[in-house]
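**Student:**
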Amino acid sequence: MTHVPPPPQGGCRSAPVLKERGQREVFCGLTGIIWLHRKMQDAFFLVVGSRTCAHLLQSAAGVMIFAEPRFGTAILEETDLAGMADAHAELDREVARLLSRRPDIRQLFLVGSCPSEVIKLDLAKAAERLTQEHAPHVRVLNYSGSGIETTFTEGEDACLAAMVPVLPRTEARELLVAGALPDVVEDQMMGLLADLGIGPVRLLPARRVDEETAIGPNTVFALAQPFLGETHAALTRAGARHIPAPFPFGEEGTTAWLSAIAAEFGVSKDRFEEVTAAPRVRARKAVAAAAETLSGKSAFFFPDSQMEISLARFLTRECGMNATEVAQPYIRDALHGPELDLLPAGPRIAEGQDVDRQLDRALADRPDLTICGLGLANPLEAEGLTTKWAIELVFTPVHFYEQAGDLAALFARPLRRKERLRLEAAE
Ligand code: SF4
Numbered sequence: 001m002t003h004v005p006p007p008p009q010g011g012c013r014s015a016p017v018l019k020e021r022g023q024r025e026v027f028c029g030l031t032g033i034i035w036l037h038r039k040m041q042d043a044f045f046l047v048v049g050s051r052t053c054a055h056l057l058q059s060a061a062g063v064m065i066f067a068e069p070r071f072g073t074a075i076l077e078e079t080d081l082a083g084m085a086d087a088h089a090e091l092d093r094e095v096a097r098l099l100s101r102r103p104d105i106r107q108l109f110l111v112g113s114c115p116s117e118v119i120k121l122d123l124a125k126a127a128e129r130l131t132q133e134h135a136p137h138v139r140v141l142n143y144s145g146s147g148i149e150t151t152f153t154e155g156e157d158a159c160l161a162a163m164v165p166v167l168p169r170t171e172a173r174e175l176l177v178a179g180a181l182p183d184v185v186e187d188q189m190m191g192l193l194a195d196l197g198i199g200p201v202r203l204l205p206a207r208r209v210d211e212e213t214a215i216g217p218n219t220v221f222a223l224a225q226p227f228l229g230e231t232h233a234a235l236t237r238a239g240a241r242h243i244p245a246p247f248p249f250g251e252e253g254t255t256a257w258l259s260a261i262a263a264e265f266g267v268s269k270d271r272f273e274e275v276t277a278a279p280r281v282r283a284r285k286a287v288a289a290a291a292e293t294l295s296g297k298s299a300f301f302f303p304d305s306q307m308e309i310s311l312a313r314f315l316t317r318e319c320g321m322n323a324t325e326v327a328q329p330y331i332r333d334a335l336h337g338p339e340l341d342l343l344p345a346g347p348r349i350a351e352g353q354d355v356d357r358q359l360d361r362a363l364a365d366r367p368d369l370t371i372c373g374l375g376l377a378n379p380l381e382a383e384g385l386t387t388k389w390a391i392e393l394v395f396t397p398v399h400f401y402e403q404a405g406d407l408a409a410l411f412a413r414p415l416r417r418k419e420r421l422r423l424e425a426a427e
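Using the working numbering, the letters of the sequence shown correspond one by one to residues 1 to 427.
Printed below as a string of structure tokens:
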């Protein structure tokens with residue numbers, strides 16, 4: 001059963017992909033800690049890294065004055081890096097100190113970094129050892145947030161994938177939704193699924209370790225974020241089955257995402273219509289307001305957040321833009337195929353990055369709007385292009401119906417500002 005019309009002919013799923021493996025300009029996976037520590041309320045993220053890593057976290061997350069922070073950095077000193085000190089013994093001491101001071105911590109993530117990877121510090125072994133020491137009160141896991149060959153949303157992906165093997169097992173038929181969403185958005189999603197009569201719904205990550213997220217052969221899962229390739233693989237290995245769908249960005253994406261889940265759970269067309277009709281109208285109306293600025297404009301996507309294909313689909317199909325190039329760090333058919341089906345044929349589709357070549361292509365295209373990482377925004381603005389930072393998209397609630405208008409407005413804002421400046425200059 002399907003609740004939405006079939007995709008149009010002529011999408012991009014079988015379009016040739018330009019694969020680039022050159023220099024990349026992206027943030028590292030430590031960035032994910034900033035939103036993950038807010039989501040998982042009994043977790044602590046201990047980065048095993050350098051002063052640079054500590055500075056990145058401090059400046060990106062701000063300093064919490066009143067609350068005890070739930071992230072920190074165990075700094076590897078020169079003696080560790082030179083192999084002159086036992087980094088494992090120091091880490092054990094640091095963790096023991098932290099956990100004795102903070103009984104509220106139930107999950108501790110040891111987060112690898114470039115320096116810990118360079119000296120090949122075995123954090124998996126450390127996590128195993130520390131779990132034995134601090135169980136059952138604290139579960140210690142590890143993942144890498146290193147910036148070597150990764151992009152910034154891979155931090156969340158690696159973190160969630162690390163949690164899958166330790167989830168309790170269940171035989172129950174349940175829906176698991178993976179991807180950290182702001183609480184207010186998560187509540188809206190749970191409301192929609194409940195109204196459709198779908199449940200039980202479990203979340204990864206759950207807000208607390210004791211919540212009932214489990215996995216087994218009867219678990220079906222949906223991804224709320226397009227950057228969860230490793231998590232998808234881990235869930236599949238654990239016996240769960242993926243429900244492929246476009247991602248819940250914009251009215252169309254949200255409807256298609258809900259529809260795929262509704263079809264899996266046998267929800268009737270009438271019920272689906274009853275639940276989604278009003279929010280769909282609201283979302284379309286909100287998007288239309290911002291689309292006035294966006295319609296007819298061109299967009300160029302540098303690979304950064306792993307959300308590029310989904311956003312290009314939203315901007316082209318719901319906001320009337322056209323894309324000249326859509327580049328994403330990785331393209332996986334199981335995750336991005338349904339989005340590529342919907343993306344109208346035309347743009348160059350690229351995977352990976354060779355930043356100099358791509359800059360040349362962007363400058364040749366001269367798009368009205370360029371979606372890129374922070375590092376490229378200033379040089380491109382200096383060339384007269386209008387830019388949008390991809391990283392803003394993970395810090396702003398943008399999923400599902402009630403945020404569709406805000407999502408479109410995020411892209412309309414830089415174009416409006418540019419127009420205002422042009423008019424002021426002309427006066
Ligand atoms: S993990 Fe690597 S890229 Fe990220 S802040 Fe640390 S040293 Fe820099």
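Heads up, the beta-carbon is just placed ideally off N, CA and C, and yes, glycines get one too.
Remember, predicted model here, so these are calculated numbers, not experimental data.
Measuring straight from C-alpha to C-alpha, what distance separates threonine 151 and proline 329?
**Tutor:** Working through the sequence shown from its first residue, we reach residue 151 at position 151. Working through the sequence shown from its first residue, we reach residue 329 at position 329. One C-alpha to the other measures close to 7 Å.
**Student:** For the ligand SF4, I want to know if cysteine 28 counts as a neighbour, meaning its beta carbon is within less than 6 Å of at least one of the ligand's heavy atoms.
**Tutor:** Translated into the one-based positions of the sequence shown, residue 28 becomes position 28. At least one heavy atom of the ligand SF4 is nearer than 6 Å to the Cβ of cysteine 28, so yes.
**Student:** Could you tell me which residues DSSP puts in a beta bridge with arginine 169?
**Tutor:** Here residue 169 refers to the residue found at position 169 when the sequence shown is read from its first residue. Bridge partners of arginine 169: Ile215.
**Student:** Count Cβ pairs between the segment 39-49 and the segment 69-80 that sit closer than 8 Å; are there 3 or more?
**Tutor:** Cβ pair count under 8 Å is three or more, so yes.
**Student:** Taking DSSP as the reference, what is the three-state secondary structure of glutamate 119?
**Tutor:** Residue numbering aside, residue 119 sits at position 119 when the sequence shown is read from its first letter. The question names glutamate, but residue 119 is isoleucine in the sequence shown. Coil, per DSSP.
**Student:** From the DSSP output, which residues share a beta bridge with leucine 369?
**Tutor:** Numbered from 1 along the sequence shown, position 369 holds the residue referred to as residue 369. Ala299, per the DSSP bridge assignment.
**Student:** Alpha helix (DSSP H) containing alanine 162: first to last residue?
**Tutor:** Residue 162 sits at position 162 when you count from the first residue of the sequence shown. Per DSSP, alanine 162 belongs to the alpha helix (DSSP H) from 154-163.
**Student:** Please report the distance separating the alpha-carbon of threonine 131 from that of lysine 285.
**Tutor:** Here residue 131 refers to the residue found at position 131 when the sequence shown is read from its first residue. Here residue 285 refers to the residue found at position 285 when the sequence shown is read from its first residue. About 51 Å.
**Student:** So, for arginine 381: in the same chain, excluding its five sequence neighbours on each side, which residues have a beta-carbon less than 7 Å away from its beta-carbon?
**Tutor:** Counting from one through the sequence shown, the residue named residue 381 turns up at place 381. Reading off the sequence, residue 381 comes out as glutamate, not arginine. For glutamate 381, where only same-chain residues beyond five positions count, the Cβ hits under 7 Å are Thr387.
**Student:** Please report the distance separating the alpha-carbon of alanine 283 from that of alanine 135.
**Tutor:** Counted from its first residue, the sequence shown places residue 283 at position 283. Counted from its first residue, the sequence shown places residue 135 at position 135. Rounded to the nearest angstrom, the two C-alpha atoms are 47 Å apart.
**Student:** For threonine 387, write down the residues that DSSP places opposite it in a beta bridge.
**Tutor:** Your numbering for residue 387 matches position 387 in the sequence shown. Its beta-bridge partners are Thr370.
**Student:** Is the beta carbon of alanine 390 less than 7 Å from the beta carbon of serine 305?
**Tutor:** For the purposes of this step, residue 390 is taken as residue 390 along the sequence shown, with counting starting at 1. For the purposes of this step, residue 305 is taken as residue 305 along the sequence shown, with counting starting at 1. Their beta carbons are under 7 Å apart, which means alanine 390 touches serine 305 by this criterion.
**Student:** Note down the Cα distance separating cysteine 12 from glycine 337, rounded to an integer number of angstroms.
**Tutor:** As a position in the sequence shown, residue 12 is number 12, starting the count at 1. As a position in the sequence shown, residue 337 is number 337, starting the count at 1. Going by the C-alpha atoms only, they are around 9 Å apart.
**Student:** Could you name the residues of the same chain whose beta carbon sits closer than 7 Å to that of glutamine 188, not counting the 5 residues immediately before and after it, in chain order?
**Tutor:** Taking the sequence shown and counting its residues from 1, one reaches residue 188 at position 188. Cβ neighbours of glutamine 188 beyond the five flanking positions: Phe400 and Glu402.
**Student:** Who does glutamate 174 pair with in a DSSP beta bridge?
**Tutor:** Residue 174 sits at position 174 when you count from the first residue of the sequence shown. Answer is Thr219, bridged to glutamate 174.
**Student:** Considering glutamate 20, what are the terminal residues of the alpha helix (DSSP H) in which it resides?
**Tutor:** Along the sequence shown, read from residue 1 onward, the residue named residue 20 stands at position 20. Where glutamate 20 is concerned, there is no enclosing alpha helix (DSSP H), although the beta strand (DSSP E) it sits in stretches over 17-21.
**Student:** Where does alanine 206 fall in DSSP's three states?
**Tutor:** Residue numbering aside, residue 206 sits at position 206 when the sequence shown is read from its first letter. The answer is coil: DSSP assigns alanine 206 none of H, G, I, E or B.
**Student:** Helix, strand or coil for serine 144 per DSSP?
**Tutor:** Residue 144 sits at position 144 when you count from the first residue of the sequence shown. Note: serine 144 maps to strand in three-state DSSP.
**Student:** Would you mind working out which of Arg207, Ala172, Leu56 and Leu228 sits nearest serine 146, comparing C-alpha positions?
**Tutor:** Position 146 of the sequence shown, counted from the first residue, corresponds to residue 146. Nearest C-alpha to serine 146: Leu56.
**Student:** In the DSSP assignment, find the beta strand (DSSP E) that holds phenylalanine 71 and state where it starts and stops.
**Tutor:** Taking the sequence shown and counting its residues from 1, one reaches residue 71 at position 71. Here the beta strand (DSSP E) through phenylalanine 71 covers 71-75.
**Student:** Based on DSSP bridge pairs, tell me the residues matched to valine 47.
**Tutor:** If you number the sequence shown from 1, residue 47 lands on position 47. Per DSSP, Thr73 and Val111.
**Student:** Can we count serine 146 as close to the ligand SF4, meaning its CB is less than 6 Å from some heavy atom?
**Tutor:** Taking the first residue of the sequence shown as position 1, residue 146 is located at position 146. Within the cutoff, so yes.
**Student:** Thinking C-alpha only, which one of Glu273, Glu174, Glu68 and Val185 is nearest isoleucine 243?
**Tutor:** Here the question's residue 243 lines up with position 243 in the sequence shown. Among Glu273, Glu174, Glu68 and Val185, the Cα nearest to that of isoleucine 243 is on Glu174.
**Student:** With distance defined between alpha-carbon atoms, name the residue in Glu251, Gln107, Arg24 and Leu294 nearest to alanine 206.
**Tutor:** Taking the first residue of the sequence shown as 1, we reach residue 206 at position 206. Taking only the C-alpha atoms, the option nearest alanine 206 is Gln107.
**Student:** Is alanine 408 near alanine 290, with beta carbons less than 7 Å apart?
**Tutor:** Counting from one through the sequence shown, the residue named residue 408 turns up at place 408. Counting from one through the sequence shown, the residue named residue 290 turns up at place 290. For alanine 408 and alanine 290, yes; Cβs fall inside 7 Å.
**Student:** Is glycine 49 near the ligand SF4, judged by its Cβ being under 6 Å from some heavy atom?
**Tutor:** As a working note, residue 49 is residue 49 in the sequence shown. At least one heavy atom of the ligand SF4 is nearer than 6 Å to the Cβ of glycine 49, so yes.
**Student:** Between the segment 194-210 and the segment 414-421, do three or more beta carbon pairs fall short of 8 Å?
**Tutor:** Output reads no: the segment 414-421 does not touch the segment 194-210.
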